[in-house]
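Below is one structure; the comments refer to it alone.
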Amino acid sequence: ITRLQAEHLAKTFKQDGLVVDYAMRYGEPSIPNQLQKLTDQGCTQIVVMPLYPQYAASTTATVNDELFKWMLDLRWQPAIRTVPPWHDNPTYISALANSVRAAVAENGKPDALVISFHGIPKRYHMSGDPYHCHCMKTARLLREELGWDTETFHATFQSRFGSEPWLMPYTDEAVTEMAEHGHKHVMVLAPGFVADCLETLDELGNELEEEFHEAGGETLTYIPCLNDSDDGMKVIEELAAANLAGWVDVAPRPAAKAPKPKAVRMKKAG
Numbered sequence: 031i032t033r034l035q036a037e038h039l040a041k042t043f044k045q046d047g048l049v050v051d052y053a054m055r056y057g058e059p060s061i062p063n064q065l066q067k068l069t070d071q072g073c074t075q076i077v078v079m080p081l082y083p084q085y086a087a088s089t090t091a092t093v094n095d096e097l098f099k100w101m102l103d104l105r106w107q108p109a110i111r112t113v114p115p116w117h118d119n120p121t122y123i124s125a126l127a128n129s130v131r132a133a134v135a136e137n138g139k140p141d142a143l144v145i146s147f148h149g150i151p152k153r154y155h156m157s158g159d160p161y162h163c164h165c166m167k168t169a170r171l172l173r174e175e176l177g178w179d180t181e182t183f184h185a186t187f188q189s190r191f192g193s194e195p196w197l198m199p200y201t202d203e204a205v206t207e208m209a210e211h212g213h214k215h216v217m218v219l220a221p222g223f224v225a226d227c228l229e230t231l232d233e234l235g236n237e238l239e240e241e242f243h244e245a246g247g248e249t250l251t252y253i254p255c256l257n258d259s260d261d262g263m264k265v266i267e268e269l270a271a272a273n274l275a276g277w278v279d280v281a282p283r284p285a286a287k288a289p290k291p292k293a294v295r296m297k298k299a300g
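Heads up, the sequence shown is in this note's numbering, so the first residue is 31 and it goes up one at a time.
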């Protein structure tokens, strides 16, 4: 999906003569290799966009760390810009809201909407990491955009491991408790991920759905990430254009039409 996002962006900005590429924080193509590839192509001004809307020392900061470590050994360094967090970007919030509205139009309004962010150890938060604040602001802005009350809108944290406390409430425990208290229909959205992956499709779409059913719930609807949808690409294009300003002045244009993601509805068997 990341590759498709980069390809859409490249098509959008093709006439501006921009080179668009992508890298993986873990795995290939790696950040250092892709940066070297860009400089070998003659790029002297590079914008690095971490695809993490909410800043965390364990995510966004590590992307920047890889970038700066690569630059340490250069005898000649290109001009670099890094894109700041965009957890409260209006276009991003609107895109998330549209995803929820589409799921509601298709499946009906749920008893509860769960906004699940990837968790971090609580000690990171206590050390000054702004991640929790960014997540809560995204959640608040999305709830206000949707016009939902706090009784049906819940922000939680997933993917914890180890024995130390992580940010709470935990997604799995919250959803199980909802089922035990009579919530039969729940929707889940993961706004911290811009592309679906194992932590969304498997952890939320499969494992969480199974736990919800075991606790007495009936349908759990997983709402896909923005991925390379029209709304998702509009967010990335806008961020790119804003951070290119002064180097290359471009205006975001409509991305090529991509199929609108459909919510995945899981119904209790039997």
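Cβ coordinates follow ideal geometry from the N, Cα and C atoms, glycine included.
Counting of Cβ neighbours within 10 angstroms places residue 156 among the exposed residues, the total staying below 16. Taking C-beta separations shorter than 6 Å and ignoring five residues to either side along the sequence, the partners of residue 87 in its chain run 159, following chain order.
In the DSSP assignment, residue 142 forms a beta bridge with 216. Taking the C-beta atoms as reference points, residue 220 is found nearer than 9 Å to residue 255. Distance check between residue 102 and each of 133, 62, 115, 83 places 62 closest, using alpha-carbon atoms only. Within the model, the alpha-carbon separation for residue 189 versus residue 233 is close to 8 Å. Taking residue 60 as the centre and dropping the five residues before and after it, the same chain places the C-beta of 53, 54 closer than 7 Å to its C-beta, in chain order.
DSSP places residue 185 within a strand segment (E or B) once states are collapsed to three.
One thing to note: residue 224 has its Cβ no nearer than 9 Å to the Cβ of residue 85. By alpha-carbon distance to residue 106, the top candidate from 125, 96, 75, 94 is 75. The three-state secondary structure of residue 55, taken from DSSP, is coil. Non-local beta-carbon contacts of residue 205 in its own chain, meaning distances under 7 Å to residues more than five positions away in sequence, involve 144, 216, 238, 241, 242 in chain order. A Cβ-Cβ separation of about 4 Å places residue 258 in contact with residue 34 under the 8 Å criterion. With respect to the 9 Å criterion, residue 98 and residue 280 are not classified as neighbours on the basis of their beta carbons. A check of alpha carbon separations from residue 90 across 222, 196, 268 identifies 222 as the nearest. If you draw a straight line from the Cα of residue 211 to the Cα of residue 31, it comes to about 37 Å. If the five residues before and after residue 69 are omitted, its C-beta is found closer than 7 Å to the C-beta atoms of 108, all from its own chain and listed in chain order.
Counting only unbroken stretches of 4 or more residues, the alpha helix (DSSP H) elements lying wholly within the region 83 to 160 are 90 to 102, 120 to 137, 152 to 156, in sequence order.
Separation of residue 174 and residue 124 (C-alpha to C-alpha, rounded to the nearest whole angstrom) is 11 Å. For residue 68, the enclosing alpha helix (DSSP H) covers residues 61 to 70.
Of 71, 244, 113, the smallest CA-CA separation from residue 271 is found for 113.
Here the alpha carbons of residue 235 and residue 248 stand approximately 14 Å from one another.
Beta bridge pairing from DSSP links residue 253 with 219.
Cβ contact annotation for residue 185 (same chain, cutoff 6 Å, sequence separation greater than five): 145, 169, in chain order. In the structure shown, the three-state DSSP call for residue 76 is strand. With a 10 Å radius around the Cβ and a threshold of 16 neighbouring Cβ atoms, residue 177 comes out exposed.
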